[in-house]
Amino acid sequence: MKKIALIGSTGSIGKQTLSVVRKHPDKFKIVSLSAGSNAEEFCAQVKEFMPKVATLSCAIPDSLKAQKGVEFFSGEDAFKSAIIDDADVVVVALVGFKGILAVLDAIEKGKDVALANKESLVVGGSLVMQKAKEKGVKITPIDSEHSAVWQALSFDFNKPFRKIILTCSGGAFRDLTKEQLAKVTAKGALNHPNWNMGAKITVDCATLVNKAFEVIEAKWLYNTSFDKIDVIIHRESIIHSMVEYVDGAVIAQMSYPTMELPIALALSYPERLDIGLKSLNFAELKNLSFESVDKERFPCFDLVLEGAKAGGTYPAVVNGANEVAVRLFLEGKIGYNDIYKAIYGAMQSFDGGHHVEIDHLIEADEFARQYVLDLFGV
Ligand code: MG
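When we follow the working numbering, the leftmost residue of the sequence shown carries the number 1, and every step to the right adds one.
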């Protein structure tokens, strides 16, 4: 029985994690739940899973407080209280910069991490991987591409390879011209062709910021260099990523798209569990297509990687600027092209050092957030 602390339980990955747990109650037990402000969904989860500890960023509703056998915490940093001794693994499914605080806390407490929060590796990959190594903590990927790579490497993070090939659906705006892109809305961005995800990541998919983030994530998880990671547009989202070996053999992981597969695997590997996913019908699939990334129409892709290559705290600036810009875009306050402007401007204006302790990352993140708010006068 694997005991799970779930941080970010009411988001898309959090809910799908609970769905996996529901399907395999003999394998998994939820020992703590942590969420942000979706109190209603959280109440239902607490009543169903009866964790030892439950935490919310906002106030705990009175109706929950009476629940016996559950210890409650609330407040901005309450999620740390959900990373309890009793847990074997911490699923970090928070969205955004805050995820790194949960990851570092889990590592500090010697807990294995099933990682859905990609921002933590984007902003602090070297810090996170170094601390994990020091503490002997395993980090397993909950991201379809990185799970695919991990599977193609037979779950061996140290296996030598020639190349990692990350696939990319292309996002909601993959067929739009530059002129059309200038006018798109949040509603259009949220209409992802293949995956059902949270709002922030769906916009990140539409700008290809998500894919650049995944390149950075792969670099850290698989201890490799940027020149050994390729990205290819694959519209059907059937091949979730590939590994090419020195002899030219390419191993791909295929399935219909669902996050439950990477979630279950991150928690149960090397054992594979039946999650109710149907068999691929190859005759019905007919064509699988591949094309290059159009870096002119989607300039955020290269821009984010530039930030990553600059190293130090620059990735934290890129991420902070992107987080605020995406929020403003979702609120209808800025346009799609402004997301690029925000990241570019923040990077140019930042005079950052190369220390990457958590305090420096927080400082760079705060700088970028304020820069973007000032840039658009909101
Ligand atoms: Mg992904």
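Built from N, CA and C at the ideal position, the CB exists for glycine as well.
Reference residue i, options the options, closest by Cα
| i | options | result |
| --- | --- | --- |
| P257 | A283, G188, W195 | W195 |
| K187 | T177, E179, K200 | K200 |
| A132 | V103, L94, S147 | V103 |
| I263 | A368, W150, I107 | W150 |
| K23 | A316, S268, A364, G352 | S268 |
| T92 | R272, M50, F157, I7 | Checking the sequence, you will find Val at residue 92 rather than Thr. The shortest Cα separation from V92 among R272, M50, F157, I7 belongs to I7. |
| E40 | L176, F282, K111, L56 | L56 |
| T224 | G248, F157, M1 | F157 |
| M129 | G36, A148, I107, N38 | I107 |
| Y344 | G11, K27, L303 | L303 |
| K119 | K135, V95, K159 | Per the sequence shown, the amino acid found at residue 119 is Glu instead of Lys. Answer by Cα proximity: V95. |
| K65 | C43, L328, E48, K333 | C43 |
| A346 | L33, N337, N322 | N322 |
| K333 | F173, V318, L373 | L373 |
| G171 | F329, S154, A189 | A189 |
| A148 | V324, S63, S237, V356 | S237 |
| H354 | K309, Y371, L261, V324 | K309 |
| G14 | K27, N38, F173 | N38 |
| L305 | F155, D338, D230 | D230 |
| D26 | A283, D274, E284 | D274 |
| G377 | S349, L328, F350, S63 | L328 |
| S63 | D77, K47, A78, E76 | K47 |
Coarse secondary structure for residue i, derived from DSSP in three states
| i | result |
| --- | --- |
| S237 | coil |
| L33 | strand |
| M129 | helix |
| C58 | coil |
| E291 | strand |
| I339 | helix |
| F72 | strand |
| A249 | coil |
| P160 | coil |
| D230 | strand |
| T202 | helix |
| M1 | coil |
| M50 | coil |
| P257 | coil |
| A93 | coil |
| E244 | strand |
Min CB distance residue i to chain C below 8 Å
| i | result |
| --- | --- |
| S12 | Note that chain C does not occur in the displayed structure, where there is just one protein chain. |
C-beta contact flag for residue i and residue j at 8 Å
| i | j | result |
| --- | --- | --- |
| V53 | S81 | yes |
| L208 | F298 | yes |
| T140 | A252 | no |
| S241 | E145 | yes |
| L115 | I142 | yes |
| D365 | G307 | no |
| L181 | Y336 | yes |
| I239 | M254 | yes |
| V70 | P51 | yes |
| V90 | A5 | yes |
| S9 | Q67 | no |
| G352 | T313 | yes |
Contact set for residue i: own chain, Cβ-Cβ below 8 Å, skip 5 residues either direction
| i | result |
| --- | --- |
| I358 | I100, L101, L104, G124, L127 |
| I232 | I165, L166, T167, C168, F290, E291, S292, V293 |
| A152 | S241, M242, V243, I251, A252, Q253 |
| F226 | V215, K219, L305, A308, K309 |
| M1 | D26, K27, F28, K29 |
Beta-carbon contacts of residue i that lie in its chain and below 7 Å, excluding the five residues immediately before and after
| i | result |
| --- | --- |
| K3 | K29, V31, D86, A87, D88 |
| A59 | S74 |
| K178 | R297 |
| G198 | G11, S12, V95 |
| K138 | D112 |
Contact set for residue i: own chain, Cβ-Cβ below 6 Å, skip 5 residues either direction
| i | result |
| --- | --- |
| C300 | T207, L208, V209, Y340 |
| R244 | Sequence inspection shows Glu at residue 244; the Arg mentioned does not correspond to that position. R162, K163, V250. |
| F213 | K118, V122 |
| A316 | V123, L361, A364, D365 |
| H234 | T167, F290 |
| V326 | K200, V203 |
| A368 | V317, G320, A321, A346 |
| R272 | none |
Residue i Cβ short of 7 Å to the ligand MG heavy atom set
| i | result |
| --- | --- |
| S144 | yes |
| E260 | no |
| E108 | no |
| E236 | no |
| E214 | yes |
Residue i: CB within 7 Å of a non-hydrogen atom of the ligand GTP
| i | result |
| --- | --- |
| I275 | This structure lacks the ligand GTP; its bound ligands are the ligand MG. |
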